[in-house]
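A.B. asks: Quick one: the structure is below, questions incoming.
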Amino acid sequence: MRRRYIVQELLREITQTLQEAHIPRASREAQLLLMAYLKEDELWLLTNQKNEIDVDDDFFQWIERRSKNEPFEYIVNRVSFYSHEFYIDEGALIPRPETELLIDEVLKNIEDKTAKMTIVEVGVGSGIISIMLAKNLPNAKIIAVDISHKALSVAKRNIEKFGLTQRIELREGSLLEPVDEQIDYLVSNPPYIADDEELESNLSYEPQNALFGGKIGDEIIQKLLDEVLKQKIKFFSCEMGYDQKDKIRFYLKEKDFKSLEFYKDYAAFDRGFTLKV
């Protein structure tokens, strides 16, 4: 059923609903939801405050979902990352800004951006890492692996959107099991949260197998490290938990490799590393 509202009155009503649900920045969220629903921009919103619009029940379902703390990105099926817009739904983890630093780390370590190489991403999720690497490394072959069929569906949609189906190959499976090729660079943003760690309620909407990495949290990282050393993969860049730096150093203490460098996120927390073999 369609209903007619004056824009500023509708925004006031939405804001009140979100405030009652204790949603942070309720007024701004109301604006963002309305703009996303109407496919309009900030200028339109600013210049149409006193105009009437028609909205239907679908929009109010959006408000109800957000009131239950469902992530904004899943409701509007859009997420911004690395200055690009991607499709997202509950089949894949919502990309975080700090993962942009993982891409920067990979690009920093590749001196010749035009060289032919094989890059493998483990845990492709929404596809954002493989897509940004493909856009910056024009001659790289990228194999993107995920154990989740739902995540691969999200990645496929984004890869098609960016016209990269000939550059990025999706494979379903665990870790490096589906990959027989020689790997020049391995990259991953794996699950690294301990199984018993309590998370914010909105994270319950995200795929749990993309968040929890085992009893300690770094078990999957350790498995990937083992594969890197076994296959002598020259480069491995990986995101990690803020408290896992010492654990990774200890795990590699008796191993044979060239170098191990850590990097920090925007909040100055340890967030990832690059292993060179």
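In the working numbering, the protein residues as written are 923 to 1199. Note that beta-carbon positions come from the ideal geometry of N, C-alpha and C, so glycine has one too.
Which stretch, first to last residue, makes up the alpha helix (DSSP H) that contains His1006?
C.D. replies: Not the alpha helix (DSSP H): His1006 falls in the beta strand (DSSP E), residues His1006 to Phe1008.
A.B. asks: Spatial neighbours of Gly949 within its chain, please: C-beta separation below 7 Å, excluding the five flanking residues on both sides.
C.D. replies: In the sequence as presented, Gly is not what sits at residue 949; that position holds Ser. Taken in chain order, the residues that qualify are Thr937.
A.B. asks: Buried or exposed: where does Met923 fall if 16 or more other Cβ atoms within 10 Å of its Cβ makes it buried?
C.D. replies: With fewer than 16 other Cβ atoms within 10 Å, it is exposed.
A.B. asks: Give me the residue from Gln983, Arg1018 and Ile1143 with the minimum Cα distance to Tyr1173.
C.D. replies: Among Gln983, Arg1018 and Ile1143, the Cα nearest to that of Tyr1173 is on Ile1143.
A.B. asks: On a CA-only basis, which of Arg934, Glu931 and Ile1016 is nearest Ile1051? Give me that one, please.
C.D. replies: It is Ile1016.
A.B. asks: Skipping 5 residues on each side, what residues in its chain have a beta carbon closer than 7 Å to that of Asn1111?
C.D. replies: The answer, listed in chain order, is Thr1021, Leu1024, Gly1045, Ile1051 and Glu1161.
A.B. asks: Helix or strand or just coil, what does DSSP make of Ile1090?
C.D. replies: Reduced to three states, the DSSP call for Ile1090 is strand.
A.B. asks: Between Leu1108, Leu1098 and Ile1010, which has its C-alpha nearest Leu1055's C-alpha?
C.D. replies: Cα-wise, what sits closest to Leu1055 is Leu1108.
A.B. asks: Out of Asp1102, Phe1191, Ala1190 and Lys1169, which one is the CA nearest neighbour of Glu1149?
C.D. replies: For Glu1149, the nearest C-alpha among the options comes from Asp1102.
A.B. asks: Quick one: give me the first and last residue of the beta strand (DSSP E) that Lys1186 is part of.
C.D. replies: Where Lys1186 is concerned, the enclosing beta strand (DSSP E) stretches over Ser1181 to Lys1186.
A.B. asks: Skipping 5 residues on each side, what residues in its chain have a beta carbon closer than 7 Å to that of Lys1186?
C.D. replies: These residues qualify, in order along the chain: Asp1192 and Arg1193.
A.B. asks: Does the distance from the C-beta atom of Asp1068 to that of Gly1047 stay below 8 Å?
C.D. replies: A contact, by the Cβ cut-off of 8 Å.
A.B. asks: Starting from the Cα of Thr1036, find the closest Cα among Leu1029, Asn1061, Ala1014 and Leu956 and give me that residue.
C.D. replies: Per the Cα distances, Asn1061.
A.B. asks: Please work out which residues of its chain come closer than 7 Å, Cβ to Cβ, to Thr1087, disregarding the five sequence neighbours upstream and downstream, and give them in chain order.
C.D. replies: Cβ within range, chain order: Ile1081.
A.B. asks: For Leu965 and Arg988, which I take to be in contact (beta-carbon distance under 8 Å), what is that distance rounded to the nearest angstrom?
C.D. replies: Not a contact, Cβ separation roughly 24 Å.
A.B. asks: With which residues is Leu1023 paired in a DSSP beta bridge?
C.D. replies: For Leu1023, which the question treats as bridged, DSSP gives no partner whatsoever.
A.B. asks: What does the alpha-carbon distance come out to for the pair Ala1066 and Phe982?
C.D. replies: Answer to the nearest angstrom: the Cα atoms are 37 Å apart.
A.B. asks: So, with DSSP's three-state summary, where would you put Asp1011?
C.D. replies: Asp1011: coil per DSSP, three-state reduction.
A.B. asks: Helix, strand or coil for Lys1169 per DSSP?
C.D. replies: Lys1169: helix per DSSP, three-state reduction.
A.B. asks: Label Asp976 either buried or exposed according to how many other C-beta atoms from any shown protein chain fall within 10 Å of its C-beta, with 16 as the threshold for buried.
C.D. replies: Asp976 is exposed by the Cβ-count criterion.
A.B. asks: Over the uninterrupted alpha helix (DSSP H) stretch that includes Ile997, give me the two end residues.
C.D. replies: Here the alpha helix (DSSP H) through Ile997 covers Phe994 to Val998.
A.B. asks: Are Pro1129 and Ala1014 touching if we call contact CB-CB under 8 Å?
C.D. replies: Yes; because the gap between Cβ atoms is below 8 Å, this pair is in contact.
A.B. asks: Return the chain-ordered list of same chain residues with a C-beta closer than 6 Å to the C-beta of Leu1098, the five sequence neighbours on each side being excluded.
C.D. replies: These residues qualify, in order along the chain: Glu1149.
A.B. asks: Tell me the DSSP secondary structure of Leu965 in three-state form.
C.D. replies: Note: Leu965 maps to helix in three-state DSSP.
A.B. asks: Quick one: what does DSSP say Val1109 is sitting in, helix, strand or coil?
C.D. replies: Val1109 falls in the strand class under three-state DSSP.
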